[in-house]
Amino acid sequence: MDTSSFLPQTLYSNRCGINEAMTQKIQEYFSQLGLATDEANNLHKKSFDGYIYIKEYGLAIRGLIRHHKIDPIDYDQRCDSALPLEDLLEPNPTLRRLLLDIDRSKARVWCITNAFKLHALRVLRILGVSDLIEGVVSCDYTSPNFHCKPEQGSIPIKSINKSKHVFVDDSLINIIGAVQFGFGSTVLFDEDGLRKPKEDQGFERIESLEELRNLKHWKTCFKTFDKELQEC
6 MDTSSFLPQT
16 LYSNRCGINE
26 AMTQKIQEYF
36 SQLGLATDEA
46 NNLHKKSFDG
56 YIYIKEYGLA
66 IRGLIRHHKI
76 DPIDYDQRCD
86 SALPLEDLLE
96 PNPTLRRLLL
106 DIDRSKARVW
116 CITNAFKLHA
126 LRVLRILGVS
136 DLIEGVVSCD
146 YTSPNFHCKP
156 EQGSIPIKSI
166 NKSKHVFVDD
176 SLINIIGAVQ
186 FGFGSTVLFD
196 EDGLRKPKED
206 QGFERIESLE
216 ELRNLKHWKT
226 CFKTFDKELQ
236 EC
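The opening residue of the sequence shown carries number 6 in the numbering used here; numbering runs sequentially from there.
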């Protein structure tokens, strides 16, 4: 049986306004810490705009914890948990049909996120697909040295056969990590079509989740694939 993994951000459009709202919450958070404007702007640049902490630690919050003694739980409550998701997201019947069409005798569907678990559960609930996700693998902010993607420790390795794991993510860093880890299929979700993979990078690229139905390692997971075979 295959295991299919999705990142919450791949389940909604990057045009919904969440990124902009998150930027505002983070700037407000830095201001609440008592940082001067220049210092706050520099910290935001290191954490997000310039991806310095993301490149070095895999996740911006880990750089903030290490270098600025940020409390990750407080950060989550004031940033991720404070996002007005109910105003930015809505139930997605197209996504629900896609997930419903996955044959659960062939594939288990999990959500793997670098966010705190509560944020992922909230996103899934608003989109109307929480009942179609078998489980959520998330960052444990309560652990001093928590793992995050693309680290191998971020995925429950013992419970999966890597070669049967199919993975879709909107982060190129995570995709490259998944390729190196040896997943059976790794797919970059590139909604705007701006990132073209090189032939030797070992992953595929899609602009819509519906395209998963036609990918070699994915299409056999769908109920419609069996119907097509019967009609041939």
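Where is the CB? At the ideal position from N, CA and C, for every residue including glycine.
How close, in whole Å, do the beta carbons of residue 152 and residue 143 come, if the pair is a contact with beta carbons under 8 Å?
As a position in the sequence shown, residue 152 is number 147, starting the count at 1. As a position in the sequence shown, residue 143 is number 138, starting the count at 1. Between the beta-carbon of residue 152 and that of residue 143 there is about 10 Å, and that puts the pair past the 8 Å contact cut.
Helix, strand or coil for residue 119, going by three-state DSSP, please let me know.
Taking the sequence shown and counting its residues from 1, the one referred to as residue 119 is at position 114. Here residue 119 sits in strand by DSSP.
Could you pull out every residue in the same chain whose Cβ sits closer than 7 Å to the Cβ of residue 79, ignoring the five residues on either side in sequence?
Counting from one through the sequence shown, the residue named residue 79 turns up at place 74. Cβ neighbours of residue 79 beyond the five flanking positions: none.
What did DSSP end up calling residue 191 once you bin it into helix, strand or coil?
Mapped onto the sequence shown, residue 191 falls at position 186. Strand.
Buried or exposed for residue 14, going by 16 or more other Cβ atoms inside 10 Å?
On the sequence shown, position 9 is the one that residue 14 refers to. By the 10 Å Cβ count, residue 14 comes out buried.
Can you give the Cα-Cα distance for residue 55 and residue 208, rounded to whole angstroms?
Residue 55 sits at position 50 when you count from the first residue of the sequence shown. Residue 208 sits at position 203 when you count from the first residue of the sequence shown. Here the model assigns residue 55 a pLDDT of 48, short of 50, so the residue's position is not dependable, and the following value carries that caveat. Answer to the nearest angstrom: the Cα atoms are 25 Å apart.
Does the region 79 to 97 come close enough to the region 21 to 35 to have 3 or more Cβ pairs within less than 8 Å?
Yes, they touch.
Around the Cβ of residue 179, are there at least 16 other Cβ atoms within 10 angstroms (buried) or fewer (exposed)?
One-based indexing of the sequence shown puts residue 179 at position 174. Looking at its Cβ environment, which holds 16 or more other Cβ atoms inside 10 Å, residue 179 is buried.
For residue 128, which residues does DSSP report across the bridge?
Numbered from its first residue, the sequence shown carries residue 128 at position 123. None, per the DSSP bridge assignment.
Other residues of its chain near residue 31: CB distance less than 6 Å, five sequence neighbours each side excluded
As a first step, residue 31 must be located in the sequence shown, where it is residue number 26. Only 84 meet the Cβ criterion.
Per-residue burial, residue 41 [other beta carbons within 10 Å of its own, 16 or more giving buried]:
Here residue 41 corresponds to residue number 36 of the sequence shown, with the count starting at 1. Around the beta carbon of residue 41, fewer than 16 other beta carbons sit within 10 angstroms, so the residue counts as exposed.
Suppose the cutoff is 6 Å on Cβ atoms and the five residues either side in sequence are ignored; what does the same chain contact list for residue 182 look like?
Here residue 182 corresponds to residue number 177 of the sequence shown, with the count starting at 1. The residues 155, in chain order, have a CB closer than 6 Å to that of residue 182 in the same chain once the five nearest residues on each side in sequence are set aside.
Counting Cβ pairs, one atom from each stretch, are 3 or more of them under 8 Å apart for the region 128 to 143 and the region 108 to 115?
Counting Cβ pairs under 8 Å, three or more are found: they touch.
Could you say which of 35, 221 and 214 lies nearest to residue 198 if we only look at CA atoms?
As a first step, residue 198 must be located in the sequence shown, where it is residue number 193. Sorting 35, 221 and 214 by C-alpha distance to the C-alpha of residue 198 places 214 at the top.
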